[in-house]
């Protein structure tokens with residue numbers, strides 16, 4: 243059986259260093275065998291090239307990132323289209339869909355995100371993926 | 008690299024999938040690579056927990072925050088339970 247996974251969306255990476263409660267949530271999960279996963283694509287939203295990136299960069303340097311395979315990207319497309327098909331006015335971004343797809347492939351998983359609404363809509367058919375704020 | 012023959016017990020389904028995925032490389036080489044990968048990931052995880060400890064030493068969380076964090080983790084576990 244595979245280990246449960248903690249997936250980081252772009253807005254929470256720096257909070258792993260700066261948010262005290264989130265640090266303890268992560269500590270509890272990782273000490274109990276949960277595996278951290280930062281999809282590489284989220285760096286396009288998490289990193290700005292300014293000194294303010296330091297906390298996020300420290301986290302990324304320690305955890306590294308995971309590339310997105312074609313299979314995962316295709317799954318992201320399916321998840322995104324699933325939301326579109328419901329007639330929703332707001333369609334989640336491609337990056338949110340990729341984050342969701344990584345979580346689906348790792349089920350059971352928890353996604354930490356600042357945008358819980360979009361991630362929940364993408365993952366509505368995947369009850370073994372929790373979506374949480376940091 | 009020195010190798011060693013060992014006897015381990017694995018899930019039948021996982022063995023079948025691994026044999027298929029390994030192809031001509033062979034099961035041993037495939038499992039060896041998977042084990043290396045898992046060891047690396049565990050090492051990164053431990054290093055990150057040590058980093059979280061350093062941060063908490065410099066900026067300690069109050070007990071109430073820790074309790075709240077533990078309750079949240081329990082809820083997450085409950086939510087994803089099969």
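Chains as they are written, first to last, in my numbering: chain A, 243 to 376; chain B, 8 to 89.
The beta carbon of each residue, even a glycine, is placed where N, CA and C say it ideally should be.
Keep in mind it's a predicted model, so treat the numbers as computed, not measured.
Can you list, in chain order, the residues of its chain whose CB lies under 6 Å from that of residue i, leaving out five sequence neighbours each side?
i                      : result
residue 340 of chain A : 281, 283, 310 and 318
residue 301 of chain A : 255, 258 and 259
residue 348 of chain A : 247
For residue i, which residues does DSSP report across the bridge?
i                      : result
residue 65 of chain B  : In DSSP, residue 65 of chain B forms no bridge with anything.
residue 373 of chain A : A:353
residue 250 of chain A : A:354
Can you check whether the CB of residue j is closer than 8 Å to the CB of residue i?
i                      : j                      : result
residue 306 of chain A : residue 334 of chain A : no
residue 278 of chain A : residue 87 of chain B  : no
residue 371 of chain A : residue 346 of chain A : yes
residue 275 of chain A : residue 355 of chain A : no
residue 353 of chain A : residue 76 of chain B  : no
residue 269 of chain A : residue 59 of chain B  : yes
residue 265 of chain A : residue 68 of chain B  : yes
residue 72 of chain B  : residue 375 of chain A : no
residue 25 of chain B  : residue 36 of chain B  : no
residue 367 of chain A : residue 251 of chain A : no
Among the residues of its own chain, which have a CB less than 8 Å from the CB of residue i, if the five just before and after it don't count?
i                      : result
residue 364 of chain A : 321, 322, 324, 325, 334, 338, 339 and 342
Measuring CA to CA, which of the options is closest to residue i?
i                      : options                       : result
residue 13 of chain B  : B:21, B:39, B:56 and B:84     : B:39
residue 303 of chain A : B:20, B:55, B:37 and B:33     : B:55
residue 49 of chain B  : A:272, A:358, A:313 and A:286 : A:272
residue 344 of chain A : A:373, A:291, A:263 and A:296 : A:373
Run down chain D in chain order and give the residues with a C-beta less than 9 Å from the C-beta of residue i.
i                      : result
residue 293 of chain A : Any reference to chain D falls outside this structure, whose protein chains are A and B.
Please go through the same chain and pick out, in chain order, the residues whose beta-carbon is closer than 7 Å to the beta-carbon of residue i, but skip the five residues on each side of it.
i                      : result
residue 298 of chain A : 255, 256, 288 and 289
Please go through the segment 276-340 of chain A and give each complete alpha helix (DSSP H) segment of 4 or more residues, from N-terminal end onward. 285-288, 296-305 and 312-327
What residue ranges within the segment 32-67 of chain B form continuous beta strand (DSSP E) runs of no fewer than 3 residues, ordered along the chain? none
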